Amino acid sequence: MALAILLVCVLVFVAWRGREVPWRRRIRGPGGKVLWWLALGVFALTVVEGVMGSQVRELTDEFARTFGSETRAEWTAKLEHSAIYLVHRSFSWLIVLGTAGFVVLGRKQLED
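The numbering of the sequence shown is the numbering used here, which starts it at 12 and goes up by one.
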């Protein structure tokens, strides 16, 4: 998953750099650095979330093989007791809040 995100980053960079004049947005005001760090933080959280999602998927596959005779509801209930699943599920809220903060702060900075 991390490799897929890296490939998307490379493709976005190539598309941006491949233009005759790469676009730039000027961020004015003291919130510019905060906005940059917030964007970097949300990106890092997204990468970590993707890696954890892959681990949750592996755990799901393992539970499906181990508890194959039980109903799906029974072994998915066991999944909800694993630490990686709980962290992965809760971690997504950090990404949602960080992205919302980025959008709000970005709109304020671009309106000035």
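Positions of the beta carbon are idealized from the N, C-alpha and C atoms, including for glycine. These numbers were taken from a predicted model, which means no experiment stands behind them.
Annotation: the stretch 24–82 contains the following complete segments of the alpha helix (DSSP H) (minimum length 4 residues), in chain order: 42–77. Under a 10 Å Cβ-count criterion, H92 is classified as exposed, with fewer than 16 other Cβ atoms of the shown protein chains found around its own Cβ. Between G61 and I16 a beta carbon distance of about 6 Å is seen, short of the 8 Å cut, so the two are scored as contacting. Between the alpha carbons of I38 and A84 lies a distance of about 49 Å. The beta carbon of F78 is closer than 8 Å to those of E85, W86, K89 in its chain, skipping five residues each way along the sequence. The C-beta of V53 has 16 or more other C-beta atoms within 10 Å across all chains shown, which makes the residue buried. Proximity of the stretch 100–120 to the stretch 17–33 falls short of the contact definition, fewer than three beta-carbon pairs being nearer than 8 Å. Contact annotation: G42 and Q120 have beta-carbon atoms nearer than 8 Å.
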